[in-house]
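Colleague: Supplied in structure tokens, the structure appears directly below.
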Amino acid sequence: MQREAKTIEDAISFKLAGERVVLATVLKTWGSSPRPIGAVMAISESRKFVGSVSGGCIEDELIGLIQNEFPTEAVLIEYSSETTRTLPCGGTLLLLLEPLDSIDALDEMVKQLKNGISIVRSVTLPTLEISWRAATDDDKTGFSSAAYDILYERNWQILIVGMGELSQWVYQVANLMDYEVKVCEPREDYRESWPFGESKICTDYPDDFVRLAKPDRQTCVLALTHDPKIDDMAIMEALITDAFYVGALGSKRTTYNRADRLKTHFGMKDKDIRRLHAPIGLDLNTRKPQEIALSIITEITAVRNRVEIKSSRLE
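Residues in the sequence shown are numbered consecutively from 4, following the working numbering.
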């Protein structure tokens with residue numbers, strides 16, 4: 004689940020346990036503020052808290068502020084060089100403090116995010132009226148028409164083909180990074196050795212797995228079996244989708260031979276084959292599966308955030 008959705012869910016749990024709760028949300032940032040717009044922190048009257056709205060520089064003060072004067076209605080507070088509250092690292096931060104009188108709307112919003120539906124939460128000025136709705140493709144976070152609109156996207160998705168040791172490490176790192184992970188393994192013996200019982204596992208052939216998942220611009224596909232009979236099926240299907248990243252395991256020679264095979268025997272176009280990230284991941288000069296997994300998720304996240312990273316080995 005998305006980090007912010009989990010924080011809101013925990014806030015609801017505090018409320019259901021009989022506590023008064025404030026939800027703090029970052030509405031606007033300037034300068035070096037370390038948390039993005041939409042970041043949330045839930046604070047209970049007994050000083051329980053989850054989430055964060057800075058890098059740790061104002062959380063204690065915020066908890067104390069709420070303890071001293073628990074807000075009875077939504078209020079805005081600003082940390083900046085022009086107010087009595089400042090950020091140690093500089094920059095400016097505008098927060099919404101929202102006492103949770105009713106949790107019904109938030110509960111439904113979290114359910115929608117869990118179901119893979121992106122939502123927009125709006126804070127209208129000057130009334131500070133708060134509402135939410137399902138997002139459209141054109142929605143984005145920002146200030147418009149006297150309202151702060153915060154886009155909470157559904158989790159980005161990773162489709163893994165294969166259940167070997169590398170896949171197990173990729174699965175763990177991807178989950179830590181809030182990706183929703185689905186795994187395909189047509190080979191029964193590999194499925195039996197998979198240690199994560201809670202996984203979303205598919206036993207179909209890889210091409211059917213990819214096709215049924217309907218990859219979009221928030222999906223990446225990883226072919227990690229190192230078996231061309233399996234990987235090729237997933238790759239060919241994935242390269243004709245909107246997946247933002249398609250990667251495959253293998254050496255440079257394997258990658259060259261695969262490209263030739265896809266073109267010569269399966270008629271794939273050069274422009275589609277060029278989309279394939281192979282050899283997959285950044286070159287970290289390692290053979291350790293956990294470090295290879297880190298290199299893969301790093302490259303995926305860089306592509307997702309439109310950042311180019313190049314690595315070269317030192318002599």
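Note that CB positions come from ideal geometry on N, CA and C, so glycine has one too.
From this set, K266, L99, P209, which residue's C-alpha is nearest T127's C-alpha?
Modeller: Among K266, L99, P209, the Cα nearest to that of T127 belongs to L99.
Colleague: Can you check which of these residues, I106, F212, E76, is closest to E12 by C-alpha distance?
Modeller: It is I106.
Colleague: Leaving out the 5 sequence neighbours to the left and right, which residues in its chain are closer than 8 Å to Y174 when beta-carbon positions are compared?
Modeller: For Y174, where only same-chain residues beyond five positions count, the Cβ hits under 8 Å are I163, V184, V186, F199, S202.
Colleague: Determine the direct distance from the alpha carbon of T304 to that of V224, and round the result to whole angstroms.
Modeller: If I take the Cα positions, the gap works out to 13 Å.
Colleague: Tell me, to the nearest whole angstrom, how far the beta carbon of P102 is from that of R50; I am working on the premise that it is less than 8 Å.
Modeller: 16 Å between Cβ atoms; not a contact.
Colleague: Cβ atoms of A14 and V43: under 9 Å apart, would you say?
Modeller: Result yes, Cβ atoms of V43 and A14 sit closer than 9 Å.
Colleague: With three or more beta-carbon pairs closer than 8 Å as the criterion, would you say the region 16-33 touches the region 71-82?
Modeller: Flag = yes, the region 16-33 and the region 71-82 touch.
Colleague: Sort out for me which residues DSSP pairs F52 with in a bridge.
Modeller: In DSSP, F52 forms a bridge with I46.
Colleague: Please classify L227 as buried or exposed, where buried requires at least 16 neighbouring CB atoms within 10 angstroms.
Modeller: Buried, by the Cβ-count rule.
Colleague: Does the region 140-154 come into contact with the region 293-302, if we say contact requires no fewer than three beta-carbon pairs (one atom in each stretch) closer than 8 Å?
Modeller: The answer is no - the region 293-302 does not touch the region 140-154, with fewer than three Cβ pairs under 8 Å.
Colleague: If I'm right that Y193 touches G167 with Cβ under 8 Å, what's the distance once you round it to whole angstroms?
Modeller: Correct: roughly 7 Å between the Cβ atoms.
Colleague: W33 by DSSP, collapsed to three states: which one?
Modeller: If DSSP states are grouped into helix, strand and coil, W33 belongs with the strands.
Colleague: Work out the CA separation of L131 and A77 for me, nearest whole Å.
Modeller: Going from the Cα of A77 to the Cα of L131 covers about 7 Å.
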